Each structure stands twice: as structure tokens, then as C-alpha cells.
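Residue numbers (our numbering), protein chains in the order written: chain U, 57 to 253; chain V, 57 to 253.
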């Protein structure tokens, strides 16, 4: 019988961790998405393959993540906007990170809910002022049903890959290729975190 | 009749930009998500309200963004994982940012597709080594059907709020409250970008 702690298949997780400890190369992953502009301000990302445990893997099905924009900025509001999707990724990641680390340590969690919010100044995006173009500050509050120490849970949540990506920043190689669906001209540039300049 | 360039309702967008130029306060937005752990490694974020143009606003419907984990790390793989969701948010954002800026400048774009990938070392997340816990490097390639200069399009895509959040990093105030669904104990700490220490 499969044993679950905090919904996590603990035997599978511990086996993966045990093997990774013996061979750190097993921990090297690559995650991917293919995105397509469909209509108006709507895009759909399709996620099918990833690389983990030294091999190409496939999800059980192709997962779709759509984005759109609210009507006030000219969108059709058929999906969360990209910034809201980023916040959803962050909230999901800190939650499952906390659940997994707690499971490994045998700490039981009954329920988790969270509220996340981020402030954005559209003047920066629009290029009207020198305001930063990204989110400056994000507030994320987790409400957890557990007997565990909240500071211990907070440290587990803080292991989240998405949280660490947002807090530390990541280098993004942004490339644009134009043409009639085939590349005839290209531009490439690496956007870097300030600390990496 | 509503005029669209690149699928964008250009009159609405230009009206919003014009008003923001007169009153920059109108550009202050807050985006939010409510996330709940549902079962196994699955979470669902619900996105309903946001703040923009000096007022509380509601989406046309409540948007849902689920996350899960692949089976190899003990999940049920019912949705993209949080890191893949972050990449989807990024690809959607650079695409719509480019479309909007191009629309304002009268540059027509026929189609946009993109591939995005990010490298993650799970040893960092698992705490097995000192490897960084977040994505270190993301590659994003846009293929655009347009007569425009690819470098000009790249600069428009680079205005993306999600891109700038990931490249520059954001401060995240992470708070955990425990109890029987009501808070009895709390822990709060601010995760900061290295440059802000």
C-alpha cells in the first residue's frame, strides 16, 4: 500500500532523494513550455516534456496554461493575466515545497490556504516613467492547519524553487526571430539581474 | 466599430495610456491570488479581484490556475508544476507585452510562438547541496510573423512585467500562520534579493 504524508507519496519521494544523494546528477532538471498567441490578448502555453533523472520524460497529459488580460487594458479576460499566473505559481510552489519537506520530516499538515498579492506600476511597463517594470514587492501569507512550529514551516516553504527564482532573480536569454513563420532575421540579448552585471 | 491591431482593442489601450500620462496614480495596480492545497501535490489558485485605475475591479469570471507535480517526485501530474507555470507566465507576458507595444506603434504582427526552458537543480531544493534553489538561467525564443525589425520587437518584449520581475528579482514577504484553520501562532520574514541586503 502506498503511504502518503501530506498527500505526498513518501516512498517515491524518499527513493528519489536517496538516489539523488548518491548521484547528484539525477537532480538536474529542465522544465519547458511552448506558448502560442491565439487571439486578442490570449496566449496558451502547452507543457508536455521535461528532463529529470538523466532522461527525457513526458507528463501524463499535455498541460495547458492560458493567459489573457483584463478588458480595461484591451484584453478579453478569458484567463488570469501573466502576473497573476506568476503569483499562482509562487503560491502553489511554496505550498507543495512545505508539504514535501514536512512529509520527509514526518510533520503532518491538515490543510493549507494562502493569499498572495503583488504591486505593479503600469507606468514602468508603458515606458511613461522610470518606474520599475516588474513587481517590486510580493506579500504571501500561508494559513496552515498543523501542530508544527510556524517558523519551521516557513523555512520549509522558503525552499520553494519558484520563490527563490523570484527573490534571487534569474538570467533570461531573450531571443526574437522574425519571418513568415520561418526565421529570416534574429535578435538575441541576455537580460541579467543587476547583481550579475 | 472597435479597431484591433495585433488583437488589441487599440482605442481602449490608448485611452488608458492617455489617462495614465495625465495621472500616473492610475497606473498603480495590485494583482492577487487565493491558493488552496486540494489533494496530493495539487493546488488551485483562484483569481477574482484586482486593483487598477484607483479602484477595486473584478475579473469577468473567477480564473483558476492549478499546479501539481510529476509522479516521479510523488505528485499526481494533473497540472503543470509551479516552475512550468512560472515559465508559462513569462512566455505569455513577453508575448502580450510585445503585441501591445507594437499595436501602439502601429506595427502589425501576424503570429507569435515561443519556446521557453529553465534549468533547475533539485539538490538545492532538497537541501542536499549548496546548489541554488531557484532557476538560474531561462532561455526564451520568440518566433514572430512580422516585417518589423527583430531587435525592435525584442525591446518591446523586454518591457514585460513578468520578465522584469524574474530578471530583477522581487522582495517577498512570506508569512506562515498555524492553527485549526484560525491563526494562533505566526512567523514572518522578508526574503530579499541579494542586491537589497
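For every residue, glycine included, the Cβ atom is placed at its ideal position computed from N, Cα and C. Just so we're clear, the structure is a prediction, and the values are computed from it rather than from any experiment.
Applying a beta-carbon distance threshold of less than 8 Å, which residues of chain U neighbour residue i?
{"i": "residue 233/V", "result": "197, 198, 199, 200 and 206"}
{"i": "residue 192/V", "result": "226 and 227"}
Considering Cα atoms alone, identify which of the options is closest to residue i.
{"i": "residue 171/U", "options": "155/U, 83/U and 143/U", "result": "143/U"}
{"i": "residue 187/U", "options": "65/V, 63/V, 77/V and 64/V", "result": "77/V"}
{"i": "residue 90/V", "options": "89/U, 156/U, 174/U and 103/U", "result": "174/U"}
{"i": "residue 92/V", "options": "211/U, 152/U and 184/U", "result": "152/U"}
{"i": "residue 103/V", "options": "67/U, 182/U and 134/U", "result": "134/U"}
{"i": "residue 62/V", "options": "210/V, 208/V, 202/V and 242/V", "result": "202/V"}
{"i": "residue 155/U", "options": "200/U, 84/U, 196/U and 184/U", "result": "200/U"}
{"i": "residue 79/V", "options": "64/V, 58/V and 110/V", "result": "110/V"}
{"i": "residue 84/V", "options": "210/U, 185/U and 243/U", "result": "185/U"}
{"i": "residue 132/V", "options": "58/U, 235/U and 243/U", "result": "58/U"}
{"i": "residue 196/U", "options": "108/V, 244/V, 196/V and 70/V", "result": "244/V"}
{"i": "residue 235/U", "options": "70/V, 180/V and 204/V", "result": "204/V"}
Quick check on residue i: buried or exposed, where buried means 16 or more other Cβ atoms within 10 Å of its Cβ?
{"i": "residue 161/U", "result": "exposed"}
{"i": "residue 98/U", "result": "buried"}
{"i": "residue 116/V", "result": "exposed"}
{"i": "residue 237/U", "result": "Because the pLDDT of residue 237/U is 48, which lies under 50, any placement of that residue in the model is unreliable, and the number read from its coordinates should be weighed accordingly. It counts as exposed."}
{"i": "residue 74/U", "result": "exposed"}
{"i": "residue 247/U", "result": "buried"}
{"i": "residue 118/V", "result": "exposed"}
{"i": "residue 231/V", "result": "buried"}
{"i": "residue 252/U", "result": "At residue 252/U, the pLDDT of 35 sits below 50, so the modelled position is not reliable; the number obtained from the coordinates is stated separately. By the neighbour-count rule (16 or more Cβ atoms within 10 Å), residue 252/U is not buried but exposed."}
Rounded to a whole number of angstroms, what is the C-alpha to C-alpha distance between residue i and residue j?
{"i": "residue 86/V", "j": "residue 106/V", "result": "6 Å"}
{"i": "residue 168/U", "j": "residue 168/V", "result": "38 Å"}
{"i": "residue 266/U", "j": "residue 81/V", "result": "Only positions 57 to 253 of chain U appear in the structure, and residue 266/U is not among them; the question remains open."}
{"i": "residue 72/V", "j": "residue 178/U", "result": "10 Å"}
{"i": "residue 194/V", "j": "residue 233/V", "result": "33 Å"}
{"i": "residue 101/V", "j": "residue 206/V", "result": "35 Å"}
{"i": "residue 113/U", "j": "residue 159/V", "result": "39 Å"}
{"i": "residue 198/U", "j": "residue 94/U", "result": "35 Å"}
{"i": "residue 176/V", "j": "residue 88/U", "result": "11 Å"}
{"i": "residue 157/U", "j": "residue 212/U", "result": "6 Å"}
{"i": "residue 66/V", "j": "residue 127/U", "result": "11 Å"}
{"i": "residue 163/U", "j": "residue 192/U", "result": "33 Å"}
{"i": "residue 209/V", "j": "residue 129/V", "result": "39 Å"}
{"i": "residue 64/U", "j": "residue 96/V", "result": "6 Å"}
{"i": "residue 150/U", "j": "residue 182/V", "result": "13 Å"}
{"i": "residue 68/V", "j": "residue 189/U", "result": "21 Å"}
{"i": "residue 70/V", "j": "residue 108/V", "result": "16 Å"}
{"i": "residue 180/U", "j": "residue 60/V", "result": "23 Å"}
{"i": "residue 242/U", "j": "residue 242/V", "result": "51 Å"}
Which residues in chain V sit within 8 Å of residue i, going by Cβ to Cβ distance?
{"i": "residue 72/U", "result": "128, 129 and 130"}
{"i": "residue 78/U", "result": "In chain order: nothing, as chain V lies at least about 10 Å away."}
{"i": "residue 111/U", "result": "In chain order: nothing, as chain V lies at least about 10 Å away."}
{"i": "residue 264/U", "result": "Since the first residue shown for chain U is 57 and the last is 253, residue 264/U is missing from the structure and cannot be characterised."}
For a contact defined as C-beta to C-beta under 7 Å, what are the partners of residue i on chain V?
{"i": "residue 189/U", "result": "215, 217 and 220"}
{"i": "residue 92/U", "result": "169"}
{"i": "residue 125/U", "result": "152"}
Can you name the residues of chain U whose CB is closer than 7 Å to the CB of residue i?
{"i": "residue 63/V", "result": "95, 96 and 97"}
{"i": "residue 185/V", "result": "80"}
{"i": "residue 89/V", "result": "140, 143, 144, 147 and 172"}
{"i": "residue 247/V", "result": "214, 219 and 223"}
Determine the chain U residues that contact residue i at a beta-carbon separation under 9 Å, and present them in chain order.
{"i": "residue 84/V", "result": "175, 176, 177, 178 and 179"}
{"i": "residue 163/V", "result": "Residues of chain U passing the Cβ test: none, with the nearest at roughly 11 Å."}
{"i": "residue 158/V", "result": "Going along chain U, no residue has its Cβ under 9 Å from residue 158/V, so there is no contact; the nearest lies around 11 Å."}
Do the segment 216 to 230 of chain U and the segment 211 to 228 of chain V meet, that is, are 3 or more Cβ pairs less than 8 Å apart? yes
For the structure I just gave you, are there three or more beta carbon pairs, one from the segment 114 to 132 of chain U and one from the segment 137 to 154 of chain V, closer than 8 Å? yes
Check whether the segment 212 to 221 of chain U and the segment 124 to 139 of chain V touch, using three or more Cβ-Cβ pairs below 8 Å as the test. yes
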